[in-house]
Amino acid sequence: MHELFLTAAVPGEHVKEALKILQGLCAMPPAHKYQRVLTYEGPNAQLVPIPAARVQNRRPQDREVWNELNKQLVRQSHYITLTFATEKGEFGIGADVGAVEGQAFEKPVIDFEEARGTLHFYDYPDPPHPSRPVNSRLVIHIPDEPKLPSLLRSIKYTHHSQSLREIYNFYRDNVTFTLSRELQRKQQQQDGVIGTEGSVPQASSDIRDYIPFDGENKWVLKASVEVTDEKEGPLVQRGIEELLKVQSDLAGLYEFSILDRAVLDTRVPAFLEQLRRSQVYCTTLFLEGGAERRAENGERTGDQTASAVAHGDGGTKMAPQPTADSKMAPLWQHQAPSKALNPSFRYL
217 MHELFLTAAV PGEHVKEALK ILQGLCAMPP AHKYQRVLTY EGPNAQLVPI PAARVQNRRP
277 QDREVWNELN KQLVRQSHYI TLTFATEKGE FGIGADVGAV EGQAFEKPVI DFEEARGTLH
337 FYDYPDPPHP SRPVNSRLVI HIPDEPKLPS LLRSIKYTHH SQSLREIYNF YRDNVTFTLS
397 RELQRKQQQQ DGVIGTEGSV PQASSDIRDY IPFDGENKWV LKASVEVTDE KEGPLVQRGI
457 EELLKVQSDL AGLYEFSILD RAVLDTRVPA FLEQLRRSQV YCTTLFLEGG AERRAENGER
517 TGDQTASAVA HGDGGTKMAP QPTADSKMAP LWQHQAPSKA LNPSFRYL
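Count the sequence shown with this note's numbering and you get residues 217 to 564, in order.
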């Protein structure tokens with residue numbers, strides 16, 4: 217699946233107005249829901265394939281999706297998100313029915329290992345291009361799966377963060393509008409309820425435990441179109457045209473734009489650094505091998521000549537260690553995602 221999308225920021229005080237505008241544009245009431253979101257970080261090295269037992273006895277179309285996910289995960293280390301739907305009325309209006317006045321209403325702690333959730337993989341977005349003035353990336357969604365945390369642990373992924381996402385969805389033709397914000401637990405480090413019990417993350421069911429991740433309570437408005445195959449040029453072009461029409465229709469109200477690829481980068485920085493060092497080292501060995509072959513043929517490289525002059529000998533040259541100044545560095549330089557960024561931009 218390939219996702220085409222544009223995004224805009226909506227201040228918290230303008231959310232009600234945005235809901236009315238989108239309701240009129242799409243001729244439908246909003247679909248409101250909360251999702252629990254777990255983010256897992258891939259390994260820094262030694263990527264592990266998905267266990268074959270997880271894919272066995274699946275329908276052919278389902279195996280195809282799992283195989284595509286496996287291909288991506290053994291190629292590169294990523295951040296992966298798991299989402300879990302909340303029960304009706306669990307959050308929002310009437311969520312604390314039954315509470316005794318003056319006392320906190322205790323709700324059950326949710327065990328994600330037992331809950332069925334959706335696995336979301338978002339690839340590093342494609343480079344911008346004049347012919348494609350929208351964000352574009354490969355996405356994989358695998359819904360209604362049990363024991364997702366243990367699956368990710370089995371391939372060396374570790375629990376990175378946990379949040380609650382509030383979402384309003386609207387639909388018009390092939391375009392999905394998602395107005396969302398990310399909420400985080402208050403005092404996550406000090407609260408003993410959240411964390412891991414037997415390496416299984418758990419979460420509270422009390423909305424009062426959560427605050428907006430963004431200090432200004434900004435929401436993210438995303439207009440998106442999903443295309444089953446990026447190679448289907450006419451479908452991709454149609455999706456782009458629909459998004460550009462949305463951008464035009466809502467011009468002056470919302471500034472839909474392309475996000476910087478770095479903001480949407482889900483690759484694990486430490487893995488990229490290991491890859492960069494490996495590339496530099498292999499390049500160094502290759503160049504050294506060429507120099508040795510030339511030396512065997514009676515040739516002398518410039519570096520060997522300089523070394524011979526300095527040491528008064530044949531100038532035996534040691535392989536240099538990879539450094540940040542290596543010529544390969546610009547090809548692999550990568551800035552770690554800032555934790556200050558609203559996570560809904562990176563994993564929306």
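For glycine and all other residues, C-beta sits at the position ideal for the given N, C-alpha and C.
Computed from a predicted model, the values in this text were never measured in an experiment.
Residue i in three-state terms, based on DSSP
i	result
K232	helix
T334	strand
A268	helix
S494	helix
V350	coil
P359	strand
V313	Any reading at V313 must be qualified, since the residue scores a pLDDT of 40, below 50, and its modelled position is unreliable; the value itself is stated next. V313: coil per DSSP, three-state reduction.
F487	helix
S473	strand
Q251	strand
T444	coil
Q378	strand
T482	coil
L263	coil
For residue j and residue i, the rounded distance between their alpha carbons
i	j	result
E229	T299	27 Å
L368	Q463	38 Å
V245	P259	The displayed chain sequence assigns Pro, not Val, to residue 245. Each residue's Cα considered, the two are about 42 Å apart.
G314	T223	Its pLDDT being 42, under 50, G314 is placed unreliably in this model, and the value from its coordinates should be taken loosely. Their backbone Cα atoms lie some 39 Å apart in a straight line.
R349	Q239	Looking at the sequence provided, one finds Pro at residue 349 rather than Arg. Distance between the alpha carbons of P349 and Q239 is about 26 Å.
P428	K402	10 Å
M217	K232	32 Å
R279	Q272	8 Å
R252	T334	10 Å
T532	L503	Note that T532 scores a pLDDT of 39, beneath 50, so its modelled location is shaky; the value from the coordinates is reported in the next line. Whole-angstrom Cα-Cα distance: 15 Å.
A524	L488	Confidence is the limiting factor: at A524 the pLDDT is only 39, short of 50, which leaves the residue's position unreliable and the question unanswerable from this model.
K447	Q262	31 Å
P178	P344	Absent from the model: residue 178. The displayed extent of the chain is 217 to 564, so no value can be given.
G431	L469	22 Å
E361	E257	19 Å
R332	T499	46 Å
I326	K363	13 Å
S379	A247	20 Å
S347	A269	42 Å
Q490	W282	26 Å
K287	I266	9 Å
Q178	L480	No answer is possible for residue 178: the residues shown for the chain start at 217 and end at 564.
Other residues of its chain near residue i: CB distance less than 6 Å, five sequence neighbours each side excluded
i	result
G455	L220, V441 and V443
V452	V443
R477	P341
H336	T297 and H357
Cβ-Cβ distance between residue i and residue j below 7 Å
i	j	result
Y338	T482	yes
T302	Y384	no
E398	P365	no
L285	I356	yes
A439	F393	yes
V297	H376	Before going further, note that residue 297 is Thr rather than Val in the sequence given. Cβ atoms of T297 and H376: not closer than 7 Å.
I358	V264	no
C242	F472	no
N-terminal and C-terminal residue of the beta strand (DSSP E) that residue i is part of
i	result
R401	V391 to R401
K287	Element bounds for K287: not the beta strand (DSSP E) but the alpha helix (DSSP H), P276 to L289.
P428	Y426 to P428
I296	Y295 to A301
A243	Note, A243: premise wrong, no beta strand (DSSP E); not H, not E.
H218	H218 to V226
Own chain residues within Cβ distance below 7 Å of residue i, not counting five before or after
i	result
A225	K434 and V436
D342	S352 and R353
A234	V226, L395 and L437
P276	none
Residue i: first and last residue of the uninterrupted alpha helix (DSSP H) it sits in
i	result
Q463	G449 to D465
L184	Nothing can be reported for residue 184, as the shown portion of the chain is limited to 217 through 564.
Own chain residues within Cβ distance below 8 Å of residue i, not counting five before or after
i	result
E458	D389, N390, V391 and V441
L460	P349 and V350
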